[in-house]
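Down below is the structure, laid out as structure tokens.
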Amino acid sequence: MGIFKAPNFTTRAEKISSFTVSTAEYGSCVMELLGTTRISGNVLYYDDFTAHEHRETHRSGKGGGGKTTTITYTYTAAVILGLCEGPVSGIGKVWIDKDLYTYPHENIGLTLFNGTQDQEPWGYVTAKHPEKALPYTGLAYMAGVADLGSSASLPNYNFEVKGQLLDTGDGVDVNPADYILYILNKVGMSDAGIVGIDNYRAYCKAANLLISTPSDATEARAARDIINEIASLTNAYIFWSNDTFKIVPREDRTIGDWKPNNKVMYDLTPDDFLAAQSDGSCVSYSRKDSSELYNRFSVEFLNRENAYAKESVSYEDTADIVVNGVKQANTISANYIYTKTRAVILAEAAARRNKYERNKYTFKLGWAFCRLEVGDMVTLTDPNMGLDRVLVMIDSLTESATGELTFTAIGRPPMEVGETQFDVHENERPYINFNFEPGFIAPPVIFQPDPSLMYNDNELWIAVKGQSKYCGGCNIWVSNNDNGYRLLGQVTSSAQYGELVSNIAKDATELEVSINGQLISGSADDAENGDTLLWCDEESFSYTTAELLDNGNYKLSGLVRGQYNSDAAPHKAGAKLVRCDDGIFKTTFLDSDDGKTVYFKFTSFNIFMGNEQSLADVPVYQYIIRKRHTFPPNVTNLDVEVLHNGQRRYYWDFEYPKINNISGFRMKYIQGSIPNWERGFEVQDGLITAQPYETNTVRQGVHTIMIKAVNSSGNESKKFASVLVNFAEPLEDNVLYRVNFADNDWEAVETDGNKRTDGYIHSTMAVTHWVDKTNYYWDKPSAPYWGAVNYKSFVMTTKLIAPAGGNFFLVYDILNATNILYKIANKDNIWKQYATKFDVRAGDEIQIKVAAPAGQEETIVKALTAVIDVPDREEHFENITVPEEGIVLPIVTPNYQTTAVRVDSITSELRGTYQLDIVSRTPCKIRFWRINNDAGWSRDPVAVTADVTWQGFEKEVL
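Going by our numbering, 143 is the number at position 10 of the sequence shown; the sequence numbering is gapless.
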């Protein structure tokens, strides 16, 4: 054995202390997966981030040579990754970063929970953290202890998920017919039914048009939009007709056992068409311009065989390309399609439509042809247009107010068709009289309800009904002088109003009324809530029970009198009584109209909206407008909390009026503890419409936050709610260690320059000096001639010791010529020209030199700050108890230096506004004060329980 023992060396890798999550998204939609697709998981839960130490030892030399030990770490974390709404059928392929596996596989390390309604929580969480164990009912997810390797971040997981309805297609994708029915069932329309759905299902199966939910379908969409997209993608019409949905494939060729519609509904001729044009033709004809005729059609789809990557296929009309060159159509996005074969089918279908649906025809028919619907086929004959039994398919139709049907049809390719189903040529056309008399309206009831019933302050309510059963409504005209009238609006449904049959006292709880329409009974709560509201001579009241009497009148009982700020009062027989519902016409007026007399006329029209009465033939009704203001209720309480990311979240208590005319809320703030709404600054431009409301508008310090409600007329609440806050200092996005050399009159700087009272370092005059440019003087008789100015050179030096490693840079404000040098004294000790950032280590002594040359320009050093971008450290303390005298935070970062402390939330039951006080930064001691504004601003020490976030950096030990 040698006299000296060989040394042992240990190399230790840096140990990571926190887990990085990059796949968690709060508030994202949960996908419903039909078919099979690739989706990425969303982190729902993670815990037990664990470092595993690995030692590897090697001997060096001979005999008693030393040892070298290398210590490394790998990491694991328990995670739950949400997939989609369950139940799902299973998992196929799994991508972990660049590796591909087939589930199940030992390298995946995750287990599937199918998302059934009765699934149990993950056993791991139940055993280790029972208080966090959730079953996630109805949600499919993957759970396991993930191997993170030597990284602290979760790998990038992607899963091929086999969802629902696989049995409707080929076991992988779904038949579009069943996809559409599933959507209708989810939105509560399972009983609606779809006429033609079996034919459509057979067509999709024969045409191999099977689909799956798009892999990127993470945003909520309307059921209507999804169904329309699927129908368009599969070349079909879907529409609502005769109280049911109908679906019709547009395909014109036989595919397998499926046959297209070849039934011609009508052979239309000039005897059938309405409204011939000036040239005698009955059919309008349009044809796509040659610039719109394409010969290359591309479809973008998701290729299941290529890891669900987006790819494109094209279908080309080679004959047309030879003649006209390539004319590319817009690419069709088909994210429901997952095979190249099906994408080619869609491209070929688009090319076929482009070729055969070039011509469009428009024509009008009468009600004899009302059975025609979208997808039906007819032939068109119009000698003036050169059309002779041209086969077309109905593409759209509209109905006019006079009963005319306007059709748009598209051309069809040559095909064998059966016999025409209907022939109306020998029948006389039905005649409908559209011009019968509508009759006059009954005398209207015009009134202004209490402001609490108005959506706008200045509202006028008008109840109108016709006297004839053929009355279809009326136009309402208004005038200021009973001379020139303007159209105010239109009423197409009758209001419900009538007269009291007998007198009623102010405390009566029942009455008899002669009224049009049907009154429905309600509950006692309905009456209390004003759901059966009536108006009669300035009083608003509601009823509970409506009993139809043998004479056709209604007996209303269980009355709730004097509602909506009105007073219960007696009413005489014959008084007008109005049911306050959507049948009432409501209009607004200006403040300047208060006290004016306005005049109304009502010209009725019949049920076909025709034969409207003349203004000269109808009576005039007048009304004097009264001004009524309404103010929104006051906000009763305002509170604020600071989130862990520094965002401020505001809550308030507010009772909305029964007639909700609230447009939003206006929030203001003012510095200090004295509230003043008029002098406050708005927190947000425009109104706040929902709570909680989050913003960072108000800076740190003591502020009073105030809030009022605003109604649709722009009126604010009469009073405001307020809260006194003192926001803690914010956390930095990037922790920086700073040394400002100008502090304390540049005490850390050595210089032969001139430190002035302005706080800057100046060059020293060589021979002359002036107070201003008109007041020169000389310091000696031999000074140069008038106006000559020279400055001496000077040097300024300083230094600092880096507390931690990082990027070093200077921030300075120096006027005129200068040279900035630096050197690391403990490293190479060589002066270098400063240009940009450079790396330093903990303990490095950085010396800085600012050299100003002699000359005719004065050099002024206004500011010089050294900055080191140090490694960020952040620690969060939940439910930490802080006594009145304060507490030193249990920070685990060694040799730390504090940059900021922030309160995330106060969980104490005490109510009020709290201020965080950082008593000392190293060690970091904090305490809380409660701010009182009852009798002048003051504060008292208080014990609280809070969530606190500390930010700083580690001062490295050499």
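C-beta atoms are modelled at their ideal positions from N, C-alpha and C, and glycine is treated no differently.
Straight-line Cα distance separating residue j from residue i
| i | j | result |
| --- | --- | --- |
| R974 | E1008 | 24 Å |
| F1086 | T1026 | 8 Å |
| R485 | G219 | 39 Å |
| K473 | F434 | 8 Å |
| Y870 | G1019 | 26 Å |
| L281 | Y274 | 19 Å |
| E1089 | T931 | 22 Å |
| L342 | R383 | 14 Å |
| S112 | L593 | One cannot answer for residue 112 here, as it falls past the ends of the chain, which runs 134 to 1091. |
| N175 | G215 | 5 Å |
| R420 | M526 | 15 Å |
| R437 | T170 | 8 Å |
| E549 | I371 | 25 Å |
| Q966 | N952 | 8 Å |
| T539 | K488 | 25 Å |
| G271 | K970 | 54 Å |
| H191 | I204 | 12 Å |
| A279 | G225 | 19 Å |
Residue span of the alpha helix (DSSP H) that contains residue i, given as start and end
| i | result |
| --- | --- |
| R429 | Premise fails: R429 lies in the beta strand (DSSP E), 429 to 436, not in any alpha helix (DSSP H). |
| I953 | No alpha helix (DSSP H) holds I953; the beta strand (DSSP E) holding it covers 952 to 957. |
| I224 | It is not in any alpha helix (DSSP H) - I224 instead sits in the beta strand (DSSP E) that spans 223 to 229. |
| L366 | 356 to 366 |
| T678 | Note, T678: premise wrong, no alpha helix (DSSP H); beta strand (DSSP E) at 678 to 681. |
| W391 | That residue, W391, is in no alpha helix (DSSP H); it is neither H nor E in DSSP. |
| D1002 | Run containing D1002: none in the alpha helix (DSSP H); it sits in the beta strand (DSSP E), 993 to 1002. |
Secondary structure of residue i, DSSP reduced to three states
| i | result |
| --- | --- |
| E264 | helix |
| R871 | strand |
| D515 | strand |
| W500 | helix |
| A184 | strand |
| E570 | coil |
| C415 | coil |
| L1049 | strand |
| W810 | coil |
| L857 | strand |
| T202 | strand |
| W255 | coil |
| L524 | strand |
| T736 | strand |
| T190 | strand |
| L538 | strand |
| P1016 | coil |
| P382 | strand |
Identity of the residue in the options nearest residue i by Cα
| i | options | result |
| --- | --- | --- |
| T351 | C162, A749, D700, A339 | C162 |
| A823 | R354, N844, Q804, F798 | F798 |
| N375 | V507, R491, V212, D556 | V507 |
| A701 | Y687, S414, E672 | E672 |
| K888 | S850, V858, F927 | F927 |
| N848 | M929, A958, N591, A364 | N591 |
| E991 | I1001, Y924, W964, I1024 | Y924 |
| P1023 | G886, D311, Q1084 | Q1084 |
| G310 | L1049, I380, Q804 | As written in the sequence, residue 310 is Ala, which differs from the Gly given in the question. With distances taken between Cα atoms, A310 lies closest to I380. |
| E788 | K801, V843, Q804 | V843 |
| P584 | S699, T677, S654 | S699 |
CB contact check: residue i to chain C, cutoff 7 Å
| i | result |
| --- | --- |
| R889 | Any reference to chain C falls outside this structure, which holds one protein chain only. |
> Are the segment 685 to 697 and the segment 598 to 616 touching, with three or more C-beta to C-beta distances below 8 Å?
Replying inline: Counting Cβ pairs under 8 Å, fewer than three are found: no touch.
> Three or more C-beta pairs closer than 8 Å, one from the segment 830 to 848 and one from the segment 742 to 760: is that the case here?
Replying inline: Output reads no: the segment 742 to 760 does not touch the segment 830 to 848.
> Do three or more CB pairs link the segment 871 to 881 to the segment 787 to 807 at distances below 8 Å?
Replying inline: Contact check between the segment 871 to 881 and the segment 787 to 807: fewer than three CB pairs, one atom from each, fall below 8 Å, which does not count as touching.
> How do the segment 992 to 1005 and the segment 926 to 944 stand: do at least 3 beta-carbon pairs fall below 8 Å, yes or no?
Replying inline: Verdict: yes, contact present.
> Do three or more CB pairs link the segment 626 to 646 to the segment 715 to 725 at distances below 8 Å?
Replying inline: When Cβ pairs closer than 8 Å are counted between the two stretches, the segment 626 to 646 is seen to touch the segment 715 to 725, the count reaching three or more.
>> Below 8 Å, how does it come out for the segment 312 to 326 and the segment 353 to 364: are there three or more Cβ pairs, yes or no?
In response: Taking 8 Å as the limit for Cβ pairs, the verdict is that the segment 353 to 364 does touch the segment 312 to 326.
> Are three or more beta carbon pairs between the segment 220 to 228 and the segment 254 to 261 nearer than 8 Å?
Replying inline: With the rule of 3 Cβ pairs closer than 8 Å, the segment 220 to 228 does not count as touching the segment 254 to 261.
> Does the segment 838 to 854 come close enough to the segment 760 to 772 to have 3 or more Cβ pairs within less than 8 Å?
Replying inline: The segment 838 to 854 vs the segment 760 to 772: in contact.
> Do the segment 566 to 575 and the segment 737 to 750 make contact, defined as three or more Cβ pairs closer than 8 Å?
Replying inline: A contact exists between the segment 566 to 575 and the segment 737 to 750.
> So does the segment 461 to 475 actually touch the segment 320 to 338, counting three or more Cβ pairs closer than 8 Å?
Replying inline: The segment 461 to 475 is not in contact with the segment 320 to 338.
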